[in-house]
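Novice: Respectively, the protein sequence lines represent chains A and B. Its first residue numbered 44, the first sequence is counted upward by one per residue in my numbering. Its first residue numbered 44, the second sequence is counted upward by one per residue in my numbering. We treat Cβ as the ideally placed atom computed from N, Cα and C, and that holds for glycine. Below: one structure in structure tokens.
There are 2 protein chains.
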Amino acid sequence: MTGWLIIAGLGPGSDELMTPEVSAALDEASDIVGYSTYVDRLKPRLGVALHGSDNREELKRARDALALAEDGRNVVIVSSGDPGVFAMAAAVFEAIEGEPRWQKLDIRVLPGITAMLAAAAAAGAPLGHDFCAINLSDNLKPWELIERRLRLATEADLALALYNPRSKSRPQGFAKALGVLREACGTERLVTFARAVSTPEQTIVTVELGEAVPEMADMQTVVIVGSSSTRRVGNWIYTPRRAVS
Amino acid sequence: MTGWLIIAGLGPGSDELMTPEVSAALDEASDIVGYSTYVDRLKPRLGVALHGSDNREELKRARDALALAEDGRNVVIVSSGDPGVFAMAAAVFEAIEGEPRWQKLDIRVLPGITAMLAAAAAAGAPLGHDFCAINLSDNLKPWELIERRLRLATEADLALALYNPRSKSRPQGFAKALGVLREACGTERLVTFARAVSTPEQTIVTVELGEAVPEMADMQTVVIVGSSSTRRVGNWIYTPRRAVS
Numbered sequence: 044m045t046g047w048l049i050i051a052g053l054g055p056g057s058d059e060l061m062t063p064e065v066s067a068a069l070d071e072a073s074d075i076v077g078y079s080t081y082v083d084r085l086k087p088r089l090g091v092a093l094h095g096s097d098n099r100e101e102l103k104r105a106r107d108a109l110a111l112a113e114d115g116r117n118v119v120i121v122s123s124g125d126p127g128v129f130a131m132a133a134a135v136f137e138a139i140e141g142e143p144r145w146q147k148l149d150i151r152v153l154p155g156i157t158a159m160l161a162a163a164a165a166a167g168a169p170l171g172h173d174f175c176a177i178n179l180s181d182n183l184k185p186w187e188l189i190e191r192r193l194r195l196a197t198e199a200d201l202a203l204a205l206y207n208p209r210s211k212s213r214p215q216g217f218a219k220a221l222g223v224l225r226e227a228c229g230t231e232r233l234v235t236f237a238r239a240v241s242t243p244e245q246t247i248v249t250v251e252l253g254e255a256v257p258e259m260a261d262m263q264t265v266v267i268v269g270s271s272s273t274r275r276v277g278n279w280i281y282t283p284r285r286a287v288s
Numbered sequence: 044m045t046g047w048l049i050i051a052g053l054g055p056g057s058d059e060l061m062t063p064e065v066s067a068a069l070d071e072a073s074d075i076v077g078y079s080t081y082v083d084r085l086k087p088r089l090g091v092a093l094h095g096s097d098n099r100e101e102l103k104r105a106r107d108a109l110a111l112a113e114d115g116r117n118v119v120i121v122s123s124g125d126p127g128v129f130a131m132a133a134a135v136f137e138a139i140e141g142e143p144r145w146q147k148l149d150i151r152v153l154p155g156i157t158a159m160l161a162a163a164a165a166a167g168a169p170l171g172h173d174f175c176a177i178n179l180s181d182n183l184k185p186w187e188l189i190e191r192r193l194r195l196a197t198e199a200d201l202a203l204a205l206y207n208p209r210s211k212s213r214p215q216g217f218a219k220a221l222g223v224l225r226e227a228c229g230t231e232r233l234v235t236f237a238r239a240v241s242t243p244e245q246t247i248v249t250v251e252l253g254e255a256v257p258e259m260a261d262m263q264t265v266v267i268v269g270s271s272s273t274r275r276v277g278n279w280i281y282t283p284r285r286a287v288s
């Protein structure tokens, strides 16, 4: 009996944004493992075991999933968005690093539409030129490193997609980040707050940095800060393909 | 008669990575517009007009598609990967900026799996921590700006996804980029060359920067340069979620 482990991205919310490859994997799974909110999003299917767990237990969840695959189960770990972008794939490889026998397991990573791509599409094309993706959570890195990256990324004139801008346990970080960005880019830089993208609760709001306040974001929000050339055309926001030094 | 324009991402190659939303749009289109290579990838359907054009004519292609939608046609512009990442969405908004009456058209952008996400999934999770996406083509920006961004991104210790590393008309740029990266990161940094991801021709090769040569990349390749903490575990490449200053 040979098990396997697939680490799959569900996309940002709508089933219309889940790839056929991921749908097929879910159909073949004996066990589906993930943060309860994402596991609950799936349509229940007869005979499949659902293992929902708390958001903060990523490494334990990865180890549990690997142990199930080792036992011969067909396991899918689900992430929102893309599993390789601030999600479960890195946690699984961390778990494997600590337990070399798991390296022999049949493991595949299936990409998904990550939040910044769906947010950018809903707003127009703010990531149409060079950009970066930065996780604003300081759970796993020091705040000083986040500030340093924000400064260097704006110095490089990249657009910025900011993940996990704000949570109940970290209410101050995003206010500090907005301060750093205003200092680096001035008050007129465009900022898009994209919340619950592709779900019925989707909201897309674009303001200038001078008007941005921390309360515009929560953990369901991805924030896109434009580069110096990001601008409005009609109701859209976009960054031109062309840039000068 | 009201037309519409959808700017859709086909994903990196395999139909299994195309979202249901994009498949549905292609089914409803009267006209499909795009670079011939991508248009030819689609299954022909009775009654749909296919408009393939040359790769370098992005702005003209955008204008042609907008004119068709204005004439009442249901138009899908296709891009490989995600339309908002170094692809057609920004070109469409540029065209609209020059022709304000087009702002009233019914326009939607549908996201897709961009090459770096599919490449990262095939390699493991090299983009599992903060990263950036930089287009190495100097067709629309000066080379100095590309070098500057490479230096600042490595100073910020981001992983780098490099698009359009090398073409016949720009044979020297990628060699220069590798030189800049070796100077900034040393020779042991891991570099993944992901070619034709998700197609039958897919190849994934990871080497150290000291061993990387320009000929490892072509226009079908996305190159992922790791951060200082990117490493191998078994046959996989990943960047841990945790980082220190």
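Considering only the beta carbon of each residue, do Ala-108 (chain A) and Val-128 (chain A) sit closer than 8 Å?
Specialist: Contact flag unset, no.
Novice: When you compare the CB positions of Gly-155 (chain B) and Ala-51 (chain B), do they come within less than 8 Å of one another, or not?
Specialist: Their beta carbons are under 8 Å apart, which means Gly-155 (chain B) touches Ala-51 (chain B) by this criterion.
Novice: Output, in chain order, the set of chain B residues within a Cβ distance shorter than 7 Å of Thr-282 (chain A).
Specialist: Chain B residues near Thr-282 (chain A): Ala-133.
Novice: Helix, strand or coil for Leu-188 (chain A)? Go by DSSP, reduced to three states.
Specialist: Residue state, collapsed to three classes: helix.
Novice: When the Cα atoms are used, what is the spatial distance from Asn-178 (chain B) to Pro-208 (chain B)?
Specialist: Those two C-alpha atoms are separated by around 7 Å.
Novice: Taking DSSP as the reference, what is the three-state secondary structure of Gly-127 (chain B)?
Specialist: Gly-127 (chain B) falls in the coil class under three-state DSSP.
Novice: Along chain B, in chain order, which residues have C-beta atoms closer than 9 Å to that of Lys-184 (chain A)?
Specialist: Within 9 Å Cβ-Cβ: His-172, Asp-173, Arg-284, Arg-285, Ala-286, Val-287 and Ser-288.
Novice: Pick from A:Ala-110, A:Tyr-81, A:Arg-192 and A:Arg-151: whose alpha carbon is nearest that of Asn-98 (chain A)?
Specialist: Checking every option, the nearest Cα to that of Asn-98 (chain A) belongs to A:Tyr-81.
Novice: To the nearest angstrom, report how far apart Gly-46 (chain B) and Ala-237 (chain A) are at their CA atoms.
Specialist: Cα to Cα, Gly-46 (chain B) sits roughly 27 Å from Ala-237 (chain A).
Novice: Can the beta-carbon of Leu-53 (chain A) be found less than 8 Å from the beta-carbon of Ser-123 (chain A)?
Specialist: Yes, Cβ-Cβ distance for Leu-53 (chain A) and Ser-123 (chain A) is below 8 Å.
Novice: If you drop the 5 nearest sequence neighbours on each side, which residues of the same chain put their C-beta closer than 8 Å to that of Gln-146 (chain A)?
Specialist: So the qualifying residues of the chain are Ile-139.
Novice: Determine the DSSP secondary structure at Asp-107 (chain B), reduced to helix, strand or coil.
Specialist: Helix.
Novice: Which of helix, strand or coil does DSSP assign to Leu-256 (chain A)?
Specialist: According to the sequence provided, residue 256 (chain A) is Val. The question's Leu does not apply to it. Coil at Val-256 (chain A), not helix or strand.
Novice: State the Cα-Cα distance for the pair Glu-254 (chain B) and Pro-55 (chain B), rounded to the nearest angstrom.
Specialist: Taking the straight line from one Cα to the other gives about 27 Å.
Novice: Among the candidates A:Lys-219, A:Leu-60 and A:Arg-192, whose CA atom is the shortest distance from the CA of Ala-165 (chain A)?
Specialist: Looking at the Cα atoms, A:Leu-60 is the closest of the given residues.
Novice: Using a Cβ-Cβ cut-off of less than 7 Å, list which residues of the region 144-170 of chain A approach chain B; keep chain order.
Specialist: Of all residues in the region 144-170 of chain A, Gln-146, Val-152, Leu-153, Pro-154, Ile-156, Thr-157, Leu-160, Ala-161, Ala-163, Ala-164, Gly-167, Ala-168 and Leu-170 have a Cβ within less than 7 Å of some Cβ in chain B.
Novice: Using the C-alpha atoms, what's the distance from Thr-62 (chain A) back to Thr-62 (chain B)?
Specialist: So the alpha carbons of these two residues sit roughly 5 Å apart.
Novice: To the nearest angstrom, report how far apart Ala-92 (chain B) and Ile-49 (chain B) are at their CA atoms.
Specialist: Their Cα atoms are separated by approximately 15 Å.
Novice: In the DSSP assignment, the beta strand (DSSP E) including Ala-218 (chain B) goes from what residue to what residue?
Specialist: First-last for Ala-218 (chain B): 216-228, but that is the alpha helix (DSSP H), not the beta strand (DSSP E).
Novice: With Asp-70 (chain B) as the anchor, note down where its alpha helix (DSSP H) starts and where it stops.
Specialist: Segment 63-71, the alpha helix (DSSP H) holding Asp-70 (chain B).
Novice: Give me the residue from A:Ala-199, A:Asp-125 and A:Pro-243 with the minimum Cα distance to Leu-160 (chain B).
Specialist: Among A:Ala-199, A:Asp-125 and A:Pro-243, the Cα nearest to that of Leu-160 (chain B) is on A:Asp-125.
Novice: Starting from the C-beta of Met-262 (chain A), find all residues in its chain whose C-beta is less than 6 Å away, skip the five residues before and the five after it, and write them out in chain order.
Specialist: So the list reads Ser-210, once near-sequence residues are dropped.
Novice: Would you report the Cα separation of Glu-258 (chain A) and Gly-216 (chain A), rounded to the nearest angstrom?
Specialist: Cα-Cα distance, rounded: 12 Å.
Novice: For Leu-170 (chain B), which residues from the same chain have a beta carbon less than 6 Å from its beta carbon, with the 5 sequence-adjacent residues on both sides left out?
Specialist: The answer, listed in chain order, is Ala-163 and Ala-202.
Novice: Taking the beta carbon of Leu-195 (chain A) as the centre, do at least 16 other beta carbons fall within 10 Å, making it buried, or is it exposed?
Specialist: Counting Cβ neighbours within 10 Å, Leu-195 (chain A) comes out buried, since at least 16 surround it.
Novice: For Leu-53 (chain B), which of helix, strand or coil comes out of DSSP?
Specialist: In this structure, Leu-53 (chain B) counts as coil in the three-state DSSP scheme.
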